Amino acid sequence: MSGGQPLLEVDGLKKHFPIRSGVLGGVSAHVYAVDGVSFDIRRGETLSLVGESGCGKSTVGKSILRLIEPTAGEVRLDGQRIDNLPAGQLRPLRRRVQVVFQDPFSSLNPRMRVRDILAEPLRNFGLATGHGETEDRVASLMDKVRLPRDAIGRFPHEFSGGQRQRIGIARALAPGADLIICDEAVSALDVSVKAQIVNLLSDLQDELGLALLFISHDLAIVEHLTHRVAVMYLGKIVELAERSTLFARSHHPYTRALLSAVPVPDPEAQRQRIILTGDVPSPINPPSGCRFHTRCPFVFDRCRVEEPLLRPVGKAGHISACHLEHAPGGEVVPQPNA
Amino acid sequence: MSVTSPALPDVLPPIRRRGRLRTLIRRNPTIAMGAALLGVVVFIAIFAPWLGTVDPTALAPAKRIRPPSEIYWFGTDMLGRDVYSRVMFGARVSLIVGFAVALLSSAIGTFIGVVSGYVRWLDSVIMRVMDGLMSIPPILLAIALMALTRGSVQNVIIAISVAETPRVARLIRGVVLSLREQPYVEAAIASGTRVPKIIWRHILPNTIAPLTVQATYICASAMITEAILSFIGAGTPPTVPSWGNIMAEGRALWQVKPYIVFFPAVFLSVTVLAVNLLGDGLRDALDPRLAKRL
Chain A
896 MSGGQPLLEV
906 DGLKKHFPIR
916 SGVLGGVSAH
926 VYAVDGVSFD
936 IRRGETLSLV
946 GESGCGKSTV
956 GKSILRLIEP
966 TAGEVRLDGQ
976 RIDNLPAGQL
986 RPLRRRVQVV
996 FQDPFSSLNP
1006 RMRVRDILAE
1016 PLRNFGLATG
1026 HGETEDRVAS
1036 LMDKVRLPRD
1046 AIGRFPHEFS
1056 GGQRQRIGIA
1066 RALAPGADLI
1076 ICDEAVSALD
1086 VSVKAQIVNL
1096 LSDLQDELGL
1106 ALLFISHDLA
1116 IVEHLTHRVA
1126 VMYLGKIVEL
1136 AERSTLFARS
1146 HHPYTRALLS
1156 AVPVPDPEAQ
1166 RQRIILTGDV
1176 PSPINPPSGC
1186 RFHTRCPFVF
1196 DRCRVEEPLL
1206 RPVGKAGHIS
1216 ACHLEHAPGG
1226 EVVPQPNA
Chain B
54 MSVTSPALPD
64 VLPPIRRRGR
74 LRTLIRRNPT
84 IAMGAALLGV
94 VVFIAIFAPW
104 LGTVDPTALA
114 PAKRIRPPSE
124 IYWFGTDMLG
134 RDVYSRVMFG
144 ARVSLIVGFA
154 VALLSSAIGT
164 FIGVVSGYVR
174 WLDSVIMRVM
184 DGLMSIPPIL
194 LAIALMALTR
204 GSVQNVIIAI
214 SVAETPRVAR
224 LIRGVVLSLR
234 EQPYVEAAIA
244 SGTRVPKIIW
254 RHILPNTIAP
264 LTVQATYICA
274 SAMITEAILS
284 FIGAGTPPTV
294 PSWGNIMAEG
304 RALWQVKPYI
314 VFFPAVFLSV
324 TVLAVNLLGD
334 GLRDALDPRL
344 AKRL
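In order, the protein sequence lines correspond to chains A and B.
Just so you know, the working numbering puts 1225 at position 330 of the first sequence, and the rest follows in order with no gaps.
Just so you know, the working numbering puts 290 at position 237 of the second sequence, and the rest follows in order with no gaps.
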């Protein structure tokens, strides 16, 4: 990945959902779903956003798409802010950022034929005029996702889950996007179909130079297609690194716990498992200090009072939000107060 | 990551064949039965003048309160009018009121529901008004509205529609609120589709199933309300025969001449039953949770 301006920059993104209660609907509390998330994605790059369910990773995706309005922070596409654009000015930019959702059943309108589903973005952005041109574009989209052309007259319920996900990908490709946000795009599929879709996505990335924001809870899948990985916990990024660095030399105890939960297809393999106890704390009232301190096996006094900031650790581009310093052997030692 | 994904390995499932009439009857016996009964009533309403009827308003004082016979199949009432003819023609009022109220309240209710579901700041205002209307029993509301105007079929339709609209509005608002969170709607927004088109192409087509079911229940309820209004004299004018006012006129004599009340009552019950059967069948056929069962 060479330098230059990133395609997408996310800077200090926050989304706090108000909780209204009472007759008058006064705001009684907030859900801190996303609380200061920053990252960038370069052209043709895949960045994976991983974390447990409820950590805010989908909210990040929806905030970038402006399906929900972010509370604070900036989102820039090619240097231009898109988080505060009025709807009318945002519409032409929507062409460049598209989305593929998790559930292949609810992400396609059951009452529309594949032809109409794929033609909708083409017509909206004026990318195809006239019946013939639209048909041609739709047919070439079907080729791109390796579905038979003659299936365009069918309804979504006549396809299998993997095939529907291909239709979802074709719809995201239709306007010629630069960035596709895959929100758990393969999580609902069987293992074999998952592999097909992951391979399709990386083929398309090579072919079209797409950037992907791959939101997932499954590190095993992420390892196969990502360039960089960002790990989220309770609305914050706790670690961000190149794929090889993260999988070999992760720093944050939460990342290590996630990695140790990835199944290894070798019954003889011996490894240290980090089993986390308890549940994810409520994002309504996140823990003080480090948000992970309630479940961290290496917690010490400083973690409870001082919130760790993302700081460079190890190789270039590897950042982690943890007070611990790792000794070369992989052991951890508390870092003294600064 | 240079592995090329193989050509489509999973084959497309075959297209399901369109069901024939026989499979329709076997799979949805309630729809078939309801539709058949309703079909008979619609036939009667349309072809009433050719079903051996006489003028339903023709008075014949000499032939009052005759019991059912070869000439007067359902007997005659206290003014000598042929009850059979009146019942056949009465089907028209019931069906017109039932269908018109179902259509009118569906159309207005859908509009209010969509506005309420989409324009969030209007929602609480609209829904409190709907709650207010729903807190009055529909029959009382219809009687109150009829008291403000003169009796005519058109006014009956408007009065009952006002009373039934809040039910549709509530239903559609709920459906719209759940549909607008559907990923395909979000995908459409991300694809640059404007709000009116989203409502027209993605929201409204998916409200048709619950709306159809609700409309059949409203149709049945409107027929009963119309009969009640006519029965208490607040509905169609006495010059227009309707099942409600035939029963009202037979009421005074029902202990000695029960047939005057009996025949219109049977027709009303059967028609309402037919519409309800149709509604139940449609609900089972259109509800995806129930549709999966074999």
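The beta carbon of each residue, even a glycine, is placed where N, CA and C say it ideally should be.
On a predicted model such as this, the values are computed, not experimentally measured, just so you know.
Quick one: what does DSSP say residue i is sitting in, helix, strand or coil?
{"i": "Val932 (chain A)", "result": "strand"}
{"i": "Gly1091 (chain A)", "result": "Residue 1091 (chain A) is actually Gln in this sequence, not Gly. In the structure shown, Gln1091 (chain A) sits in a helix (DSSP, three-state: H, G or I)."}
{"i": "Val146 (chain B)", "result": "helix"}
{"i": "Thr129 (chain B)", "result": "strand"}
{"i": "Gly907 (chain A)", "result": "strand"}
{"i": "Met183 (chain B)", "result": "helix"}
{"i": "Cys272 (chain B)", "result": "helix"}
{"i": "Val238 (chain B)", "result": "helix"}
{"i": "Arg880 (chain A)", "result": "Since the first residue shown for chain A is 896 and the last is 1233, residue 880 (chain A) is missing from the structure and cannot be characterised."}
{"i": "Leu339 (chain B)", "result": "helix"}
{"i": "Pro1223 (chain A)", "result": "With a pLDDT of 45 at Pro1223 (chain A), under the threshold of 50, the modelled position of this residue cannot be trusted; read the value that follows with caution. Note: Pro1223 (chain A) maps to coil in three-state DSSP."}
{"i": "Asp135 (chain B)", "result": "strand"}
{"i": "Phe1 (chain B)", "result": "Residue 1 (chain B) cannot be examined here, being either before or after the span of chain B that is shown, 54 to 347."}
{"i": "Val56 (chain B)", "result": "Low confidence applies to Val56 (chain B): its pLDDT is 49, below 50, so where it sits in the model is not reliable, and the reading given next is rough at best. Coil, per DSSP."}
{"i": "Cys1198 (chain A)", "result": "helix"}
{"i": "Phe1050 (chain A)", "result": "coil"}
{"i": "Lys310 (chain B)", "result": "coil"}
{"i": "Ala924 (chain A)", "result": "strand"}
{"i": "Pro62 (chain B)", "result": "Note that Pro62 (chain B) scores 49 on pLDDT, short of 50, meaning its location in the model is unreliable; the coordinates nonetheless yield the value given after this. Three-state DSSP puts Pro62 (chain B) in coil, outside helix and strand."}
{"i": "Ala107 (chain B)", "result": "Sequence check: residue 107 (chain B) is Val here, not Ala. Coil at Val107 (chain B), not helix or strand."}
{"i": "Ala287 (chain B)", "result": "coil"}
{"i": "Ile211 (chain B)", "result": "helix"}
{"i": "Asp1108 (chain A)", "result": "Strictly speaking, residue 1108 (chain A) in this sequence is Leu, with Asp absent from that position. The answer is strand: DSSP assigns Leu1108 (chain A) an E or B state."}
Thinking C-beta only, is residue j closer than 8 Å to residue i?
{"i": "Gly170 (chain B)", "j": "Leu257 (chain B)", "result": "no"}
{"i": "Ala1136 (chain A)", "j": "Val1124 (chain A)", "result": "yes"}
{"i": "Pro965 (chain A)", "j": "Lys910 (chain A)", "result": "yes"}
{"i": "Gly87 (chain B)", "j": "Leu331 (chain B)", "result": "yes"}
{"i": "Glu969 (chain A)", "j": "His1122 (chain A)", "result": "no"}
{"i": "Pro999 (chain A)", "j": "Phe1050 (chain A)", "result": "no"}
{"i": "Asp1078 (chain A)", "j": "Gly956 (chain A)", "result": "yes"}
{"i": "Val94 (chain B)", "j": "Thr289 (chain B)", "result": "no"}
{"i": "Leu1105 (chain A)", "j": "Asp1073 (chain A)", "result": "yes"}
{"i": "Val323 (chain B)", "j": "Leu104 (chain B)", "result": "no"}
{"i": "Ala280 (chain B)", "j": "Val328 (chain B)", "result": "no"}
{"i": "Ala1216 (chain A)", "j": "Val1133 (chain A)", "result": "yes"}
{"i": "Leu942 (chain A)", "j": "Leu1205 (chain A)", "result": "no"}
{"i": "Met199 (chain B)", "j": "Ala287 (chain B)", "result": "yes"}
{"i": "Ile97 (chain B)", "j": "Met141 (chain B)", "result": "yes"}
{"i": "Val167 (chain B)", "j": "Ile299 (chain B)", "result": "no"}
{"i": "Ile210 (chain B)", "j": "Ala160 (chain B)", "result": "no"}
{"i": "Gly133 (chain B)", "j": "Trp296 (chain B)", "result": "no"}
Measure from the alpha carbon of residue i to the alpha carbon of each residue in the options, then state which is nearest.
{"i": "Gly1063 (chain A)", "options": "A:Gln993, A:Arg976, A:Ile1132", "result": "A:Gln993"}
{"i": "Arg119 (chain B)", "options": "B:Pro317, B:Val309, B:Val328", "result": "B:Val309"}
{"i": "Gly162 (chain B)", "options": "B:Arg223, B:Ala113, B:Asn298", "result": "B:Arg223"}
{"i": "Ile1240 (chain A)", "options": "B:Val323, B:Asp135, B:Ala240", "result": "Chain A is shown from 896 up to 1233; residue 1240 (chain A) falls before or after that span and cannot be answered."}
{"i": "Pro1070 (chain A)", "options": "A:Ala1090, A:Thr1029, A:Ser1145, A:Phe1109", "result": "A:Thr1029"}
{"i": "Ser1177 (chain A)", "options": "A:Glu1015, A:Ala1152, A:Ala928", "result": "A:Ala928"}
{"i": "Val995 (chain A)", "options": "A:Glu1201, A:Tyr1128, A:Val1081, A:Ala1143", "result": "A:Val1081"}
{"i": "Val178 (chain B)", "options": "B:Ile189, B:Ser188, B:Ile165, B:Leu198", "result": "B:Ile165"}
{"i": "Glu302 (chain B)", "options": "B:Ile78, B:Met187, B:Arg139", "result": "B:Arg139"}
{"i": "Thr269 (chain B)", "options": "B:Thr106, B:Gly151, B:Tyr137", "result": "B:Gly151"}
{"i": "Gly1212 (chain A)", "options": "A:Glu1163, A:His1146, A:Arg1199, A:Pro1182", "result": "A:His1146"}
{"i": "Ile1110 (chain A)", "options": "A:Ile1075, A:Ser933, A:Gln984, A:Asp1161", "result": "A:Ile1075"}
{"i": "Leu232 (chain B)", "options": "B:His255, B:Val215, B:Thr246", "result": "B:His255"}
{"i": "Arg348 (chain B)", "options": "B:Thr260, B:Ile313, B:Gly297", "result": "Nothing can be reported for residue 348 (chain B): it is not among the residues displayed for chain B, which extend from 54 to 347."}
Below 7 Å on C-beta distance, what does residue i contact in chain C?
{"i": "Pro258 (chain B)", "result": "This model lacks chain C altogether, as its protein chains are A and B."}
* Asked: In chain order, what residues of the stretch 232-248 of chain B put their CB closer than 7 Å to some CB of chain A?
  -> Gln235, Pro236, Tyr237, Glu239, Ala240, Ala241, Ile242, Ala243, Ser244, Gly245, Thr246
* To do: Could you pull out every unbroken alpha helix (DSSP H) segment of at least 4 residues lying fully inside the stretch 1136-1186 of chain A, listed in chain order?
  => If we require 4 residues or more, the alpha helix (DSSP H) runs fully inside the stretch 1136-1186 of chain A come out as 1138-1143, 1148-1155.
* **Against chain A: residues of the stretch 81-95 of chain B by CB proximity under 9 Å** => none
* Would you list, in chain order, the members of the stretch 1101-1113 of chain A that have their beta-carbon closer than 7 Å to a beta-carbon of chain B? => none
* To do: Note down, in chain order, all residues in the stretch 284-311 of chain B with a beta-carbon under 8 Å from any beta-carbon belonging to chain A.
  => none
* Under 7 Å (Cβ pairs) to chain B, residues found in the stretch 977-994 of chain A -> Arg986, Arg989, Arg990, Gln993, Val994
* Runs of alpha helix (DSSP H) lying entirely within the stretch 150-202 of chain B, each at least 4 residues, in chain order -> 173-187, 191-200
* Asked: In chain order, which continuous runs of the alpha helix (DSSP H) of length 4 or greater are located wholly inside the stretch 934-1011 of chain A?
  -> 952-959, 982-989
* To do: Using a Cβ-Cβ cut-off of less than 8 Å, list which residues of the stretch 928-960 of chain A approach chain B; keep chain order.
  => Lys957, Leu960
* Asked: Mind listing which residues of the stretch 1059-1072 of chain A have their C-beta closer than 9 Å to chain B's C-betas, in chain order?
  -> Arg1061, Gly1063, Arg1066, Ala1067, Ala1069, Pro1070
* Positions along the stretch 1012-1027 of chain A whose CB lies within less than 7 Å of some CB in chain B -> Glu1015, Pro1016, Asn1019, Phe1020
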